[in-house]
Amino acid sequence: MKIGYVTTYDVLNPSKWAKFNLGNYGSNHYIFKTLINQGLAIETVGNFQKRYSWLTRPKWSFYRNFYHKDYYRWAEPIVCKNYAYQIIRKIDKLDIDIILCTEGAAPVAYLKHQKPLVIWIDTVLAALIDVYPYLSNLCRETRNNIYVIEKSALDRAKLVIFSSEWAAQEAIRIYKINSDKIKVIPRGANIELKPERTIEEVKTIIASRGENFYKFIFIGVDWIRKGGEIALAVSNELKKRGFDIEFRIIGDLPKNTKSLPNFVKLIGYIDKSTVQGKEYFYNLLADSHFLILPTQADVTPNVLIEANAFGVPCLATNLAGIPTIIKDDVNGKTFPMDAKISDYCNYIITYLLNYSKYENLALSSFNEYRNRLNWLAAGQRAKNLFMNLLSS
């Protein structure tokens, strides 16, 4: 079996990815690698030329300056049709069995080819309109274009894979697509391919955290959207209740850092494409007692899986696809969007005051990663689905 792997960018070169695309592109990179590890031959079909700037630039300026609305070139039908043209030119030179697109609908919305199309994504964008900030001020043209290209791509696909039950149900609700061609495969961590650690190694990691000084970690590309203020408030309350803590912030930092208490450790962005950055990130995560991510708008945050890979339980909101990842009292807990700060604190304290109970939760978190939330499991499931598709 040979797969034509479609992305508009270079999926094999993380150094070229924009910061705001790191999560999505990182998952796509690991999908590529895990399929290779399953023994599948893959041809990359990417690095597309950006055409029609003469049309899209004036439109962007028009909507921004006159209506103060967002217009996106990637949803422009003529741009998507050109992507399809570029794909066909490349694929027709290759001997492939399946066309796989993990980036979204845009590259394949108008693709006409005899080979079966598989789309493997987190969720449809239509489910995020007026939820995610970058999709909350759309001009009517872009809003309509998103529906058109997603509907077209999903109708053309023979198999559609989502990372959560929520995303699958949203696609069915919005686009009325046949549920028979929809499958759910949770993703792995964007830090390694195989769950190679032994239970004993993870027990050592958990024990090294100690039970007198507690470290909490927040990781997010958007301090506000990812719930940074809530995570900080939880840490403040724990400190007031007498716990000796450190609150670590990785990624986007709060605007007013000067007023932060001294138990807050500002780390900022870490370049995980370097060996040094990767090791630094691993060490910070492995040494943390809980990841706190009370995100206000999300799909399936990969950082939750990354934390579980180190035996770190996660506290997050009961939102979108997060319940597919986090199971209450198994690898953390999800809280209602309107949960009180005290709700988070009381849950944490229950474990800190009974440290053997915490150690069991941490070990259970790693087991969720080892058994369910890893790329090896995802790759095996995907390979079976691809084989069934070709034999049907």
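In our numbering, the protein residues as written are 5 to 396. All residues carry an ideal CB built from backbone N, CA and C; glycine is no exception. All values derive from a computational prediction rather than experimental measurement.
Asked, Found
"DSSP state of Leu197, grouped into three classes?", "Residue placement at Leu197 is poorly supported in this model, since its pLDDT is 44, which falls under 50; the coordinates are not used for a value here."
"Report all residues from its chain with a CB closer than 7 Å to the CB of Gln384; omit the five preceding and five following residues, and keep chain order.", "Gln42"
"Using 7 Å as the cut-off, classify the Cβ of Asp291 as near or not near the heavy atoms of the ligand FAD, replying yes or no.", "What this structure holds is no ligand at all, so the ligand FAD is not there to describe."
"Quick one: using the 10 Å Cβ neighbour count with 16 as the cut-off for buried, is Gly336 buried or exposed?", "buried"
"Which partner residues does Cys105 have in the DSSP bridge list?", "Val10, Ile123"
"Could you say if the region 112 to 127 and the region 40 to 60 meet the contact criterion of at least three C-beta pairs nearer than 8 Å?", "no"
"Round the Cβ separation of Phe222 and Leu297 to the nearest angstrom and send it over; I've been treating them as touching at under 8 Å.", "7 Å"
"What would DSSP say about Leu129, mapped onto helix, strand or coil?", "helix"
"Out of Lys20, Ala386, Gly231, Thr106, which has the shortest C-alpha to C-alpha gap to Asp342?", "Gly231"
"Please classify Cys349: does DSSP put it in a helix, a strand, or coil?", "helix"
"CB Asp96 to CB Leu394, shorter than 8 Å?", "no"
"Tyr218 by DSSP, collapsed to three states: which one?", "strand"
"Any chance you could list the beta strand (DSSP E) runs of at least 3 consecutive residues sitting entirely within the region 301 to 386, in chain order?", "318 to 321, 336 to 339"
"Taking three-plus beta-carbon pairs below 8 Å as touching, is the region 153 to 166 in contact with the region 273 to 285?", "no"
"Could you say if the region 108 to 115 and the region 76 to 85 meet the contact criterion of at least three C-beta pairs nearer than 8 Å?", "yes"
"Three or more beta-carbon pairs under 8 Å between the region 370 to 385 and the region 313 to 320, yes or no?", "yes"
"In three-state DSSP terms, what is Phe36?", "helix"
"What are the boundary residues of the alpha helix (DSSP H) that Phe66 is part of?", "57 to 66"
"At the level of alpha carbons, what is the spacing between Phe285 and Ile254?", "9 Å"
"Buried or exposed, going by whether 16 or more other CB atoms sit within 10 Å of the CB of Thr38?", "buried"
"For Val206, which three-state DSSP category applies?", "helix"
"From this set, Ile330, Thr354, Ser140, Ser212, which residue's C-alpha is nearest Pro190's C-alpha?", "Ile330"
"Check this for me: beta carbons of Ser57 and Asn306, under 8 Å apart or not?", "no"
"Among Asp248, Ile176, Thr338, whose alpha-carbon lies nearest the alpha-carbon of Glu154?", "Ile176"
"Could you please give me the residues that DSSP links to Ile296 through a beta bridge?", "Leu319"
"Roughly how far, in whole angstroms, is the beta-carbon of Tyr13 from the beta-carbon of Trp21, given that I think they are within contact range, below 8 Å?", "7 Å"
"Helix or strand or just coil, what does DSSP make of Ile92?", "helix"
"In angstroms, rounded to a whole number, what distance separates the CA positions of Asn28 and Lys387?", "21 Å"
"So for Ala22, helix, strand or coil by DSSP?", "coil"
"Taking the alpha carbon of Lys244 as the point to measure from, which residue in Asn149, Val225, Phe267 has its own alpha carbon closest?", "Phe267"
"How should Phe36 be labelled, buried or exposed, when 16 other C-beta atoms within 10 angstroms of its C-beta is the threshold for buried?", "buried"
"Grouping DSSP H, G and I as helix and E and B as strand, with all else coil, what is Ile234?", "helix"
"Please state if the CB of Asp248 and the CB of Asn216 are separated by a distance shorter than 8 Å.", "yes"
"Return the chain-ordered list of same chain residues with a C-beta closer than 8 Å to the C-beta of Ser19, the five sequence neighbours on each side being excluded.", "Ser277"
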